[in-house]
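Novice:
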Amino acid sequence: MNVFPAIDLFEGKAVRLFKGDYDQMTVYSENPEKVALYFKECGAEYIHLVDLEGAKSGETPNFETVKKIIEVSGLKAEIGGGIRSEAVIEKYISAGAYRVILGTAAATDPEFLEKVAKKYGEKIAVGCDLKDGYVATKGWTNITNETGEEFFARVEMLGIKTVICTDISRDGAMKGTNLELYKKLSEKFSIDIIASGGVTDMTDVEKLTEMNIYGAILGKAIYTGNINLKTAIKAATK
């Protein structure tokens, strides 16, 4: 399993939200590039970046920070948060992003998703953010009528290879990840699933690895010291 240590960006800082609530934000570092370098020292190959401001606005306010992280760390970076146009996709790919993640656009604009999936192939991943089983969009502020399974079936038909799947109720809550959800989805769909939200301790990492999930995002747990990143990477790559 691949481990994706995460940096959520807000005003150029590394932060974390509690259950996607912008009013419950903790700033962990004023220098995200240093955080990325620490991840690399721990043996990380990938990094998961989210522009939290972009998720709401559809703009790229943290673009320069993202670019610097990619340049300084050399990690394979996937970036999400408000990517809703081809111009923004081009901008991030040109800056060296390994993959761009479409969230709201993937849920609300199937024609756009189909177009960019054909054009950029595996450079396009999609985010499936779930609240009570339904897809959430616009920085988790809007709940749609589409279930997670309906979403997966739809994007699989378009040839999407990678889905970052988040159970919002677990995100930042340190209560463990939704193993049942990922087991169910991985058995039903031939998509590379990246588990996100609530990976709290080494038990979560080990169980996801045993499940043969493609990847897991580690966020709050590595910032609080609940998970040692180096240990997690070693355990996941056995």
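Numbering (my numbering), first residue to last: 1 to 238. For glycine and all other residues, C-beta sits at the position ideal for the given N, C-alpha and C.
Give the straight-line distance between the Cα atoms of Asp-241 and Leu-181, rounded to the nearest whole angstrom.
Specialist: Residue 241 falls outside the range modelled here, since the chain spans only 1 to 238, and no answer is possible.
Novice: Relative to the C-alpha of Tyr-28, which candidate in Glu-45, Ile-7 and Ala-44 has its C-alpha closest?
Specialist: Ranking the options by Cα distance to Tyr-28, first place goes to Ile-7.
Novice: Only counting runs of 3 or more residues, tell me where the beta strand (DSSP E) segments fall wholly within the segment 144-184, in order along the chain.
Specialist: The qualifying runs are 162-167.
Novice: Can you tell me the Cα-Cα spacing of Glu-146 and Ile-70, whole angstroms?
Specialist: Those two C-alpha atoms are separated by around 34 Å.
Novice: Under 8 Å, do Ile-47 and Ala-77 count as touching if we go by C-beta distance?
Specialist: Result yes, Cβ atoms of Ile-47 and Ala-77 sit closer than 8 Å.
Novice: Apart from the five residues just before and just after Asp-204, which ones in its own chain have a Cβ nearer than 7 Å to its Cβ?
Specialist: If we look at Asp-204 and ignore the five residues flanking it on each side, its Cβ neighbours are Gly-176 and Thr-177.
Novice: By the three-class DSSP mapping on this structure, what secondary structure does Tyr-120 have?
Specialist: Note: Tyr-120 maps to helix in three-state DSSP.
Novice: Just verifying my parser: in three-state terms, what is the DSSP assignment at Tyr-92?
Specialist: Tyr-92: helix per DSSP, three-state reduction.
Novice: Where DSSP assigns a beta bridge to Thr-26, which residues make up the other side?
Specialist: Answer by DSSP bridge pairing, in chain order: Arg-16.
Novice: Anyone know if the C-beta pair for Ile-143 and Cys-165 falls short of 8 Å?
Specialist: In this structure, Cys-165 does not lie closer than 8 Å to Ile-143 by Cβ.
Novice: What whole-angstrom Cβ distance do Met-25 and Val-35 have, given they're in contact under 8 Å?
Specialist: About 16 Å; that fails the 8 Å criterion.
Novice: Apart from the five residues on each side of it in sequence, which residues of its chain come closer than 8 Å, Cβ to Cβ, to Leu-9?
Specialist: Answer for Leu-9: Val-15, Pro-32, Leu-49, Val-50, Asp-51, Leu-52, Glu-53, Asn-62, Thr-65, Val-66 and Gly-81, listed in chain order.
Novice: What residues in its chain sit with their C-beta under 8 Å from that of Ser-57, if we drop five residues either side in the sequence?
Specialist: Answer for Ser-57: Gly-82, listed in chain order.
Novice: Skipping 5 residues on each side, what residues in its chain have a beta carbon closer than 8 Å to that of Ala-95?
Specialist: Closer than 8 Å at Cβ, skipping near neighbours: Phe-63, Val-66, Lys-67 and Ile-70.
Novice: From which residue to which residue does the alpha helix (DSSP H) around Lys-230 run?
Specialist: From DSSP, the alpha helix (DSSP H) with Lys-230 extends over 229-236.
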